[in-house]
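Residue numbers (the working numbering): 2 to 270.
Below is one structure; the comments refer to it alone.
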Amino acid sequence: EQSVSVRYFKMLPFYDTNAKLRYIKFCLLLFTFLFVLTGIALIIIGSTINAIYYEFIFFLRVDYITPATCLVIIGFFIFAVACVGLYGTLKSEALVIGAFGGLLGLVCVLQLGAGVACHFLTGHLVHNLRVTMNETVWIYPYNEYAAERMDAVQENLACCGMYSPKDWHQVYNGTEIPRSCCAIDDENAMCEYIHNTGCYARLAPILKDTSRMLTTSSAVLAFMQLTGMAFAFYMAQCLRQQMRLRRDRKMMVTEQLLYSDADGTKSPI
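Structure representation (structure tokens):
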């Protein structure tokens with residue numbers, strides 16, 4: 002006869018396989034829902050930063066994807082993988098949930114790689130910004146397209162010159178300054194007040210902050226993805242175990258029915 006402690010242990014929720022599956026399913030659904038929200042957030046943040054970059058991409062000389070584009074790509078990838086996880090979890094399909102766990106591991110590796118690459122490539126982007134902006138200031142009087150790009154930066158970011166308005170004194174020998182440097186945008190008024198902050202000081206922090214955001218989000222999301230991957234693999238294992246138990250029980254019932262028919266007796270089940 003079983004002791005009281007054994008009977009009490011069997012009454013606990015985690016002793017029941019179905020109860021364990023419900024707990025794991027709830028946790029996995031919660032993580033997957035967070036992944037969906039995270040993917041959408043990364044897409045929105047990356048798209049917003051790209052919209053800012055679009056005005057100033059001329060100064061970056063980008064031959065590869067920017068950190069903001071990395072955010073968008075990772076966001077779409079996470080969103081797609083999360084949808085697979087939601088489907089597998091709601092349908093309780095071991096194969097789909099196992100694939101979801103594997104995809105989470107792949108996303109985790111790619112994401113960490115993108116974060117590390119972004120950290121090292123940011124310095125190159127900032128260097129390109131410094132070189133190109135310096136060249137643009139000097140060719141401003143002779144190159145119409147360069148002048149348009151520089152005017153757009155100075156107007157949108159409320160800045161003047163590369164480091165300060167003094168940069169234009171060297172270009173024009175102190176005789177004039179671009180209208181886009183004026184703090185008050187009125188063509189009929191005198192340009193009495195100008196922006197004192199250089200445009201390099203406005204743009205460089207945007208690049209660095211984006212890189213920092215990608216690196217930080219990569220580390221945080223990697224931890225979440227590893228946790229979700231563990232839940233996914235464990236749930237897939239429990240589902241396979243449950244399927245084996247059902248199959249074994251079905252075989253046992255079938256054998257007992259065959260045995261009872263052969264003996265001409267009733268099955269005990």
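Even for Gly, the Cβ is constructed at its ideal location relative to N, Cα and C.
- If you ignore the 5 residues before and after G86, its C-beta comes within less than 6 Å of the C-beta of T33 and F101, all in its own chain and listed in chain order.
- The continuous alpha helix (DSSP H) containing G124 extends over residues A95 to I140.
- A distance below 8 Å between beta-carbons, with the five flanking residues on each side excluded, links Y173 to the following residues of its chain, in chain order: P142.
- Short of 8 Å from the beta carbon of I41, and not among the five residues preceding or following it, lie these beta carbons of its own chain, in chain order: G76 and F80.
- C239 is not bridged by DSSP to any residue.
- Per DSSP, reduced to three states, the secondary structure at I50 is helical.
- For a cut-off of 8 Å, the C-beta gap from G199 to M163 is around 5 Å, short enough to register as a contact.
- Using a Cβ distance threshold of 7 Å, L215 and L130 do not count as a contacting pair.
- Where Y146 is concerned, the enclosing alpha helix (DSSP H) starts and stops at E145 to N157.
- In the three-state reduction of the DSSP assignment, I195 falls in the strand class.
- Contact check for A237 against A95 passes: the beta carbons are separated by less than 7 Å.
- Annotated as proximal: T137 and A147, with beta-carbon spacing under 7 Å.
- C160 sits in coil when the DSSP states are folded into three classes, being neither helix nor strand.
- Using a C-beta cut-off of 8 Å, the segment 21-32 makes contact with the segment 231-247, since at least three inter-stretch Cβ pairs fall below that distance.
- Taking C-beta atoms under 8 Å as the contact rule, A184 and H196 qualify, at a distance of about 6 Å.
- Contact between L222 and Q155 does not hold, since the beta-carbon distance rounds to 37 Å and is not under 8 Å.
- With a 10 Å radius around the Cβ and a threshold of 16 neighbouring Cβ atoms, D168 comes out buried.
- By the beta-carbon neighbour count (other beta carbons within 10 angstroms, threshold 16), T123 is buried.
- When the beta-carbon positions are compared, Q226 and C109 come within less than 7 Å of each other.
- Contact between C161 and C182 holds: CB atoms are separated by about 4 Å, below the 8 Å threshold.
- With respect to the C-alpha of R213, the residue from F232, F78 and G116 having the closest C-alpha is G116.
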